[in-house]
Ligand code: SF4
Ligand code: SF4
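Structure below.
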């Protein structure tokens, strides 16, 4: 097995090598998963990938639109495009990010406190290229060399990386080895943010060079702006799906619930990640059951973009993020609703409540999270629960966007106390949680061998946390173990993780959101809501 | 977010935990913010919590610098009001400051040079920064213990009597001056950067409401459209991004 070079330095980013830092010794998984043969190996790197894409960083392909420049002219154009974008990062067209970017570029004390906090660096067996400051230092050294006045002093001030096409290609790939979870920023004694710098690198590639992974750009924001949803779900298909879910609710629960659609002036516009309608229809169904039971005045929107809350732009491209957010806000305004309530999607929470908040100076429809609303309903006794219906171990994943980045920590716990008697926290949890490994687009990036990187490296810490939470019951398949992940992206990541490690089949580890647990515990439900429970 | 009130700061919660937060007055704890700032300034809390082995050296050094600032102020006071007790106190403070700062600085240098990871990321300029600090501290120690006495020199400086200052002490003072000029252009000014990164970046979660401060600033910024623009093909698509 190839071994990564522990002595690798940022300067080596341009070093000639087939693979600069092959992934080798990953952190050992706990319990039964620590045994030989419990974890699939990385896929072989195909020659066709090597020829086409940049596999020379770690053998993984993240940017499936980035074809290697073949001729000297193409190589030169790549370098020129990158340098032009890098220069623009520090100009007025990047006003919103300029200050934190400059602070991180200038003041890093190289104290290395952030490395301990990064799940990717830790899980990878401390591979140098994944150290939070490695990426930033490469960018810093290129910037100094090409643009700063002190750069004339060369290596003395660390202005020693030339923008060669290979270094740039590797740096581009490296910008897709970070979940933008900002756990590193939380511990930095100087308040600096390497996750933000990673996003800035992605911005150069997308906004200046037009290079971004297919699932987040052409089949992500571009598709969403065109059809209304990044899933490609058009309005008629969306309406059909709702009908199908209504039938399903009736079949399962005997309740006739109609989704309110485009109800003018409703109190709440409930905004789901459209992936829920397709991959997890039980989730919008559970919301409808609960909102119906609580007698809320709510609606869904069928307007273009009004039924898909995702905004992949926040991971890689400010312009796309703004376009999507403004259209989403428009849809809410047109319906004349009093407030927008975000459903179980972490990045959509952040996009609508934080990022979009600073995008327009006009009057906006206020946006809030579903979590405090539901916790209040629970507190007020608006639901009657029989928690014993959820008589299985439950653990909670804290989505980074909702918890660390927005500080919504207690409402979900309050709800769990009411519906899940065997709830136990992961360690660490709350704002100190680890990312599920699917953050910043990884959950939907599956080209070439990227899913291997997610399942084996970026999700490894989360998998380890889950295994530790269920340590006592894991190996007994008669006991259901439930991972509550109130976020579509995290859910997608966990779904793939369980499949990859065959954990559902072998050990009965299940996953879903929080509303599903609530509905399953309702005393008014005759049958279990979860299909994995015996249906009598 | 230490400025969050209502007990939320303790677990990292925010005003977004409230139903209809936008209708409610924001609970802000300036005391909480101040306490957290003081903990960072006086204790380097984050380093203590997350990187204890480095904290010892860093803390000694930074504390030493604070004590030396107090020493300098006391020294000036002794020129104006020479009183035995004050002189003794100043001497003790100076001794403590020099020992802490010098030991901390030397430990930081050794750690940086010996730790393979830190070494990889440290530029020659960053070693130079530490060496400059060490040189100032060491020349200071030699000046005040072997060459002259600080009370005498302080008086000479304040009365602009340069000829009374020994050469070695002059070297120390020149190095000190160079350091003061150099700090703003080097990352040694991170104490200023740190204020901004915490206040303007990490802790900036104020919402944008019609005509509040955030909103006003945004409106003002919008009056000067950017001169530069991005070049990727999708950026300039008509119909706002639809192909
Ligand atoms: S913790 Fe902050 S200052 Fe220290 S190395 Fe990381 S980014 Fe730099
Ligand atoms: S943002 Fe998260 S994934 Fe990225 S470097 Fe920081 S801790 Fe690691």
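Chains as they are written, first to last, in my numbering: chain A, 681 to 1216; chain B, 35 to 277. All C-beta atoms in this analysis are idealised placements derived from N, C-alpha and C, irrespective of residue type, glycine included. Nothing here was measured: the structure is a model prediction, and the numbers come from that model.
Alpha-carbon spacing of residue i relative to residue j, whole angstroms
i, j, result
"residue 26(B)", "residue 177(B)", "Only positions 35 to 277 of chain B appear in the structure, and residue 26(B) is not among them; the question remains open."
"residue 882(A)", "residue 1116(A)", "20 Å"
"residue 126(B)", "residue 211(B)", "24 Å"
"residue 1062(A)", "residue 1045(A)", "26 Å"
"residue 82(B)", "residue 1170(A)", "32 Å"
"residue 1028(A)", "residue 991(A)", "6 Å"
"residue 879(A)", "residue 1035(A)", "14 Å"
"residue 857(A)", "residue 1033(A)", "26 Å"
"residue 1004(A)", "residue 745(A)", "22 Å"
"residue 229(B)", "residue 872(A)", "11 Å"
"residue 901(A)", "residue 37(B)", "35 Å"
"residue 987(A)", "residue 1120(A)", "21 Å"
"residue 788(A)", "residue 876(A)", "14 Å"
"residue 739(A)", "residue 76(B)", "46 Å"
"residue 16(B)", "residue 137(B)", "Past the edges of chain B, shown from 35 to 277, lies residue 16(B), and the structure says nothing about it."
"residue 1107(A)", "residue 707(A)", "17 Å"
"residue 232(B)", "residue 196(B)", "42 Å"
"residue 1072(A)", "residue 40(B)", "34 Å"
"residue 964(A)", "residue 1164(A)", "16 Å"
"residue 1054(A)", "residue 1091(A)", "8 Å"
"residue 814(A)", "residue 1135(A)", "22 Å"
"residue 1001(A)", "residue 994(A)", "5 Å"
"residue 60(B)", "residue 1083(A)", "19 Å"
"residue 779(A)", "residue 785(A)", "10 Å"
"residue 1059(A)", "residue 845(A)", "58 Å"
"residue 800(A)", "residue 930(A)", "44 Å"
"residue 828(A)", "residue 764(A)", "14 Å"
Per-residue burial, residue i [other beta carbons within 10 Å of its own, 16 or more giving buried]
i, result
"residue 206(B)", "buried"
"residue 1052(A)", "buried"
"residue 117(B)", "exposed"
"residue 771(A)", "exposed"
"residue 687(A)", "exposed"
"residue 1187(A)", "buried"
"residue 98(B)", "buried"
"residue 944(A)", "exposed"
"residue 938(A)", "exposed"
"residue 43(B)", "buried"
"residue 715(A)", "exposed"
"residue 997(A)", "buried"
"residue 260(B)", "exposed"
"residue 78(B)", "buried"
"residue 115(B)", "exposed"
"residue 225(B)", "exposed"
"residue 64(B)", "exposed"
"residue 684(A)", "buried"
"residue 1221(A)", "Residue 1221(A) falls outside the range modelled here, since chain A spans only 681 to 1216, and no answer is possible."
"residue 154(B)", "buried"
Rounded distance between the beta-carbons of residue j and residue i, thought under 8 Å
i, j, result
"residue 816(A)", "residue 874(A)", "5 Å"
"residue 1118(A)", "residue 1139(A)", "7 Å"
"residue 227(B)", "residue 870(A)", "7 Å"
"residue 1020(A)", "residue 951(A)", "6 Å"
"residue 703(A)", "residue 804(A)", "6 Å"
"residue 826(A)", "residue 843(A)", "6 Å"
Can you give me, in chain order, the residues of the stretch 1083-1099 of chain A that have a beta carbon less than 9 Å from any beta carbon in chain B? Within the stretch 1083-1099 of chain A, the qualifying residues are 1083, 1084, 1086, 1087, 1088, 1089, 1090, 1091.
Taking any Cβ of chain A, which residues in the stretch 138-152 of chain B have a Cβ under 9 Å from it, in chain order? Within the stretch 138-152 of chain B, the qualifying residues are 146, 149, 150, 151, 152.
Using a Cβ-Cβ cut-off of less than 9 Å, give me the residues of the stretch 1051-1073 of chain A that come near chain B, in sequence order. Residues 1051, 1052, 1053, 1055, 1056.
Within the stretch 931-972 of chain A, note down every full beta strand (DSSP E) run reaching 3 residues or more, in order along the chain. Correct list: 948-951.
Neighbourhood of ligand 4 [Cβ distance below 7 Å to any heavy atom], ordered by chain position: Ligands in the displayed structure: ligand 1 and ligand 2; ligand 4 is not one of them.
Contact list for the stretch 163-196 of chain B against chain A, Cβ threshold 8 Å: Listed in sequence order: no entries.
Could you list the residues in the stretch 97-111 of chain B with a C-beta less than 8 Å from some C-beta on chain A, going in chain order? Those would be none; no residue qualifies.
Would you mind listing the beta strand (DSSP E) stretches within the stretch 211-265 of chain B that are 3+ residues and don't spill past its ends, in chain order? With a minimum length of 3 residues, no continuous beta strand (DSSP E) run stays inside the stretch 211-265 of chain B.
By the 8 Å beta-carbon criterion, what residues does the stretch 841-852 of chain A contribute toward chain B? Answer in chain order: no residues at all.
Contact residues within the stretch 115-134 of chain B, judged by C-beta distance below 9 Å to chain A: Residues of the stretch 115-134 of chain B with a C-beta atom less than 9 Å from some C-beta of chain A do not occur.
List in chain order: all unbroken alpha helix (DSSP H) runs of 4+ residues lying wholly within the stretch 101-138 of chain B. The stretch 101-138 of chain B is shown to contain no whole alpha helix (DSSP H) run of 4 or more residues.
Can you list the alpha helix (DSSP H) stretches of 4 or more residues lying completely in the stretch 774-828 of chain A, in chain order? Runs of the alpha helix (DSSP H) inside the stretch 774-828 of chain A: 775-787, 793-797, 799-803, 812-827.
Give, in chain order, every residue of the stretch 70-94 of chain B whose Cβ lies closer than 7 Å to some Cβ of chain A. For the stretch 70-94 of chain B, which is checked against every Cβ of chain A, the residues closer than 7 Å are 78, 80, 81, 84, 85, 88.
Below 7 Å between beta carbons is the criterion; list the residues of the stretch 875-895 of chain A that meet it against any residue of chain B, in chain order. Of all residues in the stretch 875-895 of chain A, only 886, 887, 888, 889, 890 place a beta-carbon less than 7 Å from a beta-carbon of chain B.
Those runs of the beta strand (DSSP E) which lie wholly inside the stretch 717-783 of chain A and span at least 3 residues: As far as the stretch 717-783 of chain A is concerned, it has no whole beta strand (DSSP E) run of at least 3 residues.
The stretch 1102-1116 of chain A: positions lying closer than 7 Å to chain B by Cβ: Taking 7 Å as the cut-off between beta carbons, the residues of the stretch 1102-1116 of chain A near chain B are 1110, 1111, in sequence order.
With 7 Å as the C-beta to C-beta threshold (strictly closer), list the residues of the stretch 805-817 of chain A near chain B in chain order. Within the stretch 805-817 of chain A, the residues whose Cβ lies closer than 7 Å to some Cβ of chain B are 813, 817, listed in chain order.
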